[in-house]
Each structure stands twice: as structure tokens, then as C-alpha cells.
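One structure below.
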Amino acid sequence: MSVRVRVAAGRVVRDPRGRKCPDGEFSVDEKDFFWAGCLRSGDLVRVDAKAPAGTPALAVAADKKAESK
């Protein structure tokens, strides 16, 4: 199964061929042993497709609290 990931902050990840992974989002097979190990160790972070990229969660919570008053 293919999932969208990005390299965790402060980490450098190389693919099985030794090439540096891109800085942005890319797809990997989470069932592949190599990529599964990168996900488990925290070198790669899953990208949630449902969450907007630039909206921090705290700002949304603050807006909802302000609206309820």
C-alpha cells in the first residue's frame, strides 16, 4: 500500500539505492521492509491528506473558542 510521506525535520534519508530522498512529499510502499523501518524509526513522517498543509491546529482551536463567546 502506497502512502505519502516526507523526511522528518533534521534527518537525511537515503533510498535503498543510496540516493537522497526529496525534501517534499513523496510516495512509498509502507509494506516494504526498508520504508517500514524508516517510518518506525521516525526518519519519515506520514503526510495526512485530509489536514490542510499550512493551518496549525492551535490557531483553529483559538478561533473556535473565540467564536463561542
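Mapping to the working numbering: the sequence shown position 14 is 14, numbers consecutive. Built from N, CA and C at the ideal position, the CB exists for glycine as well.
Residues that Ser94 bridges to, as DSSP identifies them: This structure leaves residue 94 out entirely; the chain is present only between 1 and 69.
N- and C-terminal bounds of the beta strand (DSSP E) containing Arg46: As a working note, residue 46 is residue 46 in the sequence shown. First-last of the beta strand (DSSP E) with Arg46: 44-46.
For Arg17, the nearest candidate out of Arg46, Val47, Phe34 (CA to CA): Counting from 1 along the sequence shown, the entry for residue 17 is found at position 17. It is Phe34 whose Cα lies nearest to the Cα of Arg17.
DSSP bridge partner residues for Arg19 (one or two, in chain order): Within the sequence shown, numbered from 1, the residue matching residue 19 stands at position 19. DSSP output for Arg19 lists no bridge partner at all.
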